[in-house]
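Peer 1: Sharing a structure below in structure tokens format, with a few things to ask.
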Amino acid sequence: MTTSFIRLSTLLAVLCISASAARAGDAKRDESDPCESVKPAAAGGPVPHDDEKLVVRWLGTTNYEISYRGQVLLFDTYFDRGPRNRPIGLLSAQVTRADAIFLGHGHFDHMSDASRRSRCASAFAPSAARRPTRSCSRRGWPTARPCA
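With the numbering used here, you'll find the sequence shown wraps up at 455, consecutive numbering, no jumps.
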């Protein structure tokens, strides 16, 4: 092993340990802290309907569905995994609507199911994914435009 590798490893270990160590005064949290009200709602399957709560559903990989007051946002769209991958607790048919879809980049594991889920949604993608979003646009996306 090189000396620089050992130094870097030691520095990372110290940073990780110091970042995870809590001060004595940090143990007591304010009851009004928004993070104290976060509770898991579901582990796969349909999301419980409650317009007054922000509901975040993990859909696998980097895919999330966020709903609040009747609006649904999807972050990446890759639901049909195929037989080699572990099931994620929901069927792609259970992801029924989106008001907007945000794609991280143009790889299949971020956008493969977008065209099937976004008939009436705006799709946003980074400029590097322009070409794939244009081709999806021809397959049914009403708007497919790159993020600024």
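Just so it is clear, CB atoms sit at the ideal spot from N, CA and C, and this is done for glycine as well.
Predicted model only: the values in this text are computed from it and were never measured.
What is the DSSP secondary structure of ALA407, reduced to helix, strand or coil?
Peer 2: As a working mapping, residue 407 is identified with position 100 in the sequence shown. Strand.
Peer 1: Leaving out the 5 sequence neighbours to the left and right, which residues in its chain are closer than 7 angstroms to LYS360 when beta-carbon positions are compared?
Peer 2: Position 53 of the sequence shown, counting from 1, holds the residue named residue 360. Within the same chain, LYS360 has no close Cβ partners at all.
Peer 1: Tell me, which residues are paired with LEU381 by DSSP?
Peer 2: Residue numbering aside, residue 381 sits at position 74 when the sequence shown is read from its first letter. According to DSSP, which records beta bridges pairwise, LEU381 is partnered with GLU372 and ILE408.
Peer 1: How close, in whole Å, do the beta carbons of ALA407 and LEU380 come, if the pair is a contact with beta carbons under 8 angstroms?
Peer 2: Position 100 of the sequence shown holds residue 407. Position 73 of the sequence shown holds residue 380. Going by Cβ atoms, the distance from ALA407 to LEU380 rounds to 5 angstroms, so yes, they are a contact pair.
Peer 1: Please say whether TYR371 and ASP383 have beta carbons closer to each other than 9 angstroms?
Peer 2: Stepping through the sequence shown from its first residue, residue 383 is reached at position 76. Stepping through the sequence shown from its first residue, residue 371 is reached at position 64. A contact, by the Cβ cut-off of 9 angstroms.
Peer 1: Could you tell me the boundaries of the beta strand (DSSP E) in which ARG364 lies?
Peer 2: As a working mapping, residue 364 is identified with position 57 in the sequence shown. Counting along the chain, the beta strand (DSSP E) containing ARG364 begins and ends at 362-365.
Peer 1: Going by Cα to Cα distance, which pick from GLN378, TYR385, GLY411 and LEU410 is closest to ARG404?
Peer 2: Taking the first residue of the sequence shown as 1, we reach residue 404 at position 97. Considering only alpha carbons, the answer is GLN378.
Peer 1: Once the 5 residues before and after ASP358 are set aside, which same chain residues still bring their CB inside 8 angstroms of it?
Peer 2: In the sequence shown, counting from the first residue as 1, residue 358 sits at position 51. So the list reads TYR375, ARG376 and GLY377, once near-sequence residues are dropped.
Peer 1: Using a 10 Å radius around the Cβ and a threshold of 16 neighbouring Cβ atoms, would you call ARG391 buried or exposed?
Peer 2: For the purposes of this step, residue 391 is identified with residue 84 of the sequence shown, where counting begins at 1. ARG391 comes out exposed.
Peer 1: Between SER373 and the rest of its own chain, which residues show a CB-CB distance below 6 angstroms, the 5 nearest in sequence each way excluded?
Peer 2: Along the sequence shown, one-based indexing puts residue 373 at 66. Correcting the residue type first, residue 373 is Ile in the shown sequence and not Ser. Contacts found: VAL363 and LEU380.
Peer 1: Hey, GLY367 and TYR385 are a contact pair by Cβ (cut 8 angstroms); roughly how many whole angstroms apart?
Peer 2: Within the sequence shown, the letter at position 60 stands for residue 367. Within the sequence shown, the letter at position 78 stands for residue 385. Right, their Cβ atoms sit about 7 angstroms apart.
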